[in-house]
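Trainee: Just passing along the structure, written as structure tokens.
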């Protein structure tokens, strides 16, 4: 069975429809549960559109009893959340409102299960600027969950604070925490970090201050809030704020003697300093991190610190020092057990050698690195394009090879996941920013094999498209 070389969606839709379309699946509660599981897997992998269809299928199965009706409420909630993630806000609001009405009928207004439907709808309305209704729903969720003694009151409080902040209301964001246990209060921080991803540093500053006062400056919830501030600073270009946040995290790790965490914070600090234009400070920070990690039995962490330091030395023009650090990084990675670190360190060293015109040395280093890296890994794609250029006697010009590199990596990704006797040929080309494929099979596949082939190809499409876009 062969398809002519068409874009993926057209070519494989025919394979899908030609066999699977003749098989009718009984839509039982077990089938709905399996669809929900698949939807969650797609969601975790970033395949939101596929997750939406799975959740929609799951929610479409009529419930048979009390338990399956409760399951259907979960499926509908997942559908609404996935639609919101996809930016399909009208559809999301429709599903979330329907789900809330169904929860009211099923649980009653005082049950925590009803509040679980209030929160996502309130958050959606916040995002849509409908702050008055969002505040009313968030207040009701806080009251409900507090009365039920449910720990999820933490996320409701975080949401209400985000709504108050968006409305520019003159009131404290976190004023009524006194009667809540510390372990519940600690959960507010990660909830606020998730809500502030759109660029609301004031919200993060407020939660850090509130939790620091209640739990102390070294509590993990405070560190989570500060880390959220640092990540937001990187995304928004506020490198001064980012540096301040990381320095507070580093000071906390130092106070508690957490050397490994301190080294990781130092690596983040060096990146922030370089992004802020202070390369000399970044190089000093890398040197200090190297001194600290030298006393730890963590070859992977030493490799990471050395690799980052070597890359910055290369950018600074100190090629000799950069090669020394990158060679050490590769040696440390090989002492550890993480092939990804070995591959990344090898690619970094191979690129330096290639750019210095030492192609005979660069080729074997890149080949060894690519042998242990997942084909979809970003360093694998960069290394593969450089290796192609090196084999052609070029010290760079690697962008000229990226189309063939992406297509070849796509093919390796798929072939490595399929039964050895199934695939006769898989031709892949990157044309106008999208993949075109031609598939030839050695034999007639089973229904399960065909479904699996479809999943592998779609996963490859999603994974490699994200590399093209980013």
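In the working numbering, the protein residues as written are 3 to 472. Glycine included, each C-beta is placed from N, C-alpha and C at the ideal position. As the structure is a prediction and not an experimental result, all values here were calculated from the model.
Starting from residue 37, trace the alpha helix (DSSP H) in both directions and tell me its first and last residue.
Mentor: It spans 31-46 - the alpha helix (DSSP H) in which residue 37 sits, taken as one unbroken run.
Trainee: Beta-carbon separation of residue 364 and residue 385 under 8 Å?
Mentor: Contact flag unset, no.
Trainee: Could you name the residues of the same chain whose beta carbon sits closer than 7 Å to that of residue 287, not counting the 5 residues immediately before and after it, in chain order?
Mentor: Taken in chain order, the residues that qualify are 268, 271, 272, 275.
Trainee: In terms of DSSP beta bridges, what is residue 436 paired with?
Mentor: Paired residues: 433.
Trainee: What residue from 285, 187, 316, 347 has the CA that sits closest to residue 304's CA?
Mentor: Minimum Cα distance to residue 304 is reached at 347.
Trainee: Where in the segment 94-162 do unbroken runs of the beta strand (DSSP E), each at least 3 residues long, occur, reported from the N-terminal end onward?
Mentor: Within the segment 94-162, no complete beta strand (DSSP E) run reaches 3 residues.
Trainee: Under 8 Å between the Cβ atoms of residue 156 and residue 195?
Mentor: No; because the gap between Cβ atoms is not below 8 Å, this pair is not in contact.
Trainee: Hey, how far is the Cα of residue 160 from the Cα of residue 436?
Mentor: Looking at the two C-alpha atoms, the distance is approximately 40 Å.
Trainee: Along the chain, where does the alpha helix (DSSP H) containing residue 341 start, and where does it finish?
Mentor: Unbroken alpha helix (DSSP H) run through residue 341: 341-357.
Trainee: What does DSSP give as the partner residue(s) for residue 425 in the beta ladder?
Mentor: BP columns for residue 425 point to 443.
Trainee: With a CB to CB cut of under 6 Å and the five nearest residues on each side skipped, what residues in its chain are close to residue 8?
Mentor: Model confidence at residue 8 stands at a pLDDT of 30, short of 50, so the residue's coordinates are unreliable; what they give is reported in the following sentence. Nothing meets the Cβ criterion.
Trainee: So, under 8 Å CB-CB, residue 488 and residue 133 are touching, yes? Tell me the CB distance rounded to an integer number of Å.
Mentor: There is simply no residue 488 to check, as the chain begins at 3 and stops at 472 in what is shown.
Trainee: Taking the C-alpha atoms as reference points, what is the distance between residue 382 and residue 341?
Mentor: In a straight line, the C-alpha of residue 382 is about 12 Å away from that of residue 341.
Trainee: Measure the Cβ-Cβ separation of residue 179 and residue 212 and say whether it is below 8 Å.
Mentor: Their beta carbons are under 8 Å apart, which means residue 179 touches residue 212 by this criterion.
Trainee: Report back the beta-carbon spacing between residue 78 and residue 100 to the nearest angstrom; my notes put them in contact at under 8 Å.
Mentor: Sure, about 7 Å apart at Cβ, within 8 Å.
Trainee: Give the DSSP-derived three-state secondary structure of residue 397 in the structure shown.
Mentor: Note: residue 397 maps to coil in three-state DSSP.
Trainee: Any chance the segment 102-116 sits against the segment 51-67, with 3 or more Cβ pairs inside 8 Å?
Mentor: No: fewer than three Cβ pairs fall under 8 Å.
Trainee: Within the continuous alpha helix (DSSP H) that includes residue 238, where are the two ends?
Mentor: Segment 222-238, the alpha helix (DSSP H) holding residue 238.
Trainee: When you compare only the Cα positions, how much space is there between residue 447 and residue 60?
Mentor: The straight-line gap from Cα to Cα measures roughly 27 Å.
Trainee: Hey, out of 337, 325, 227, 281, whose CA is closest to residue 318's CA?
Mentor: For residue 318, the nearest C-alpha among the options comes from 281.
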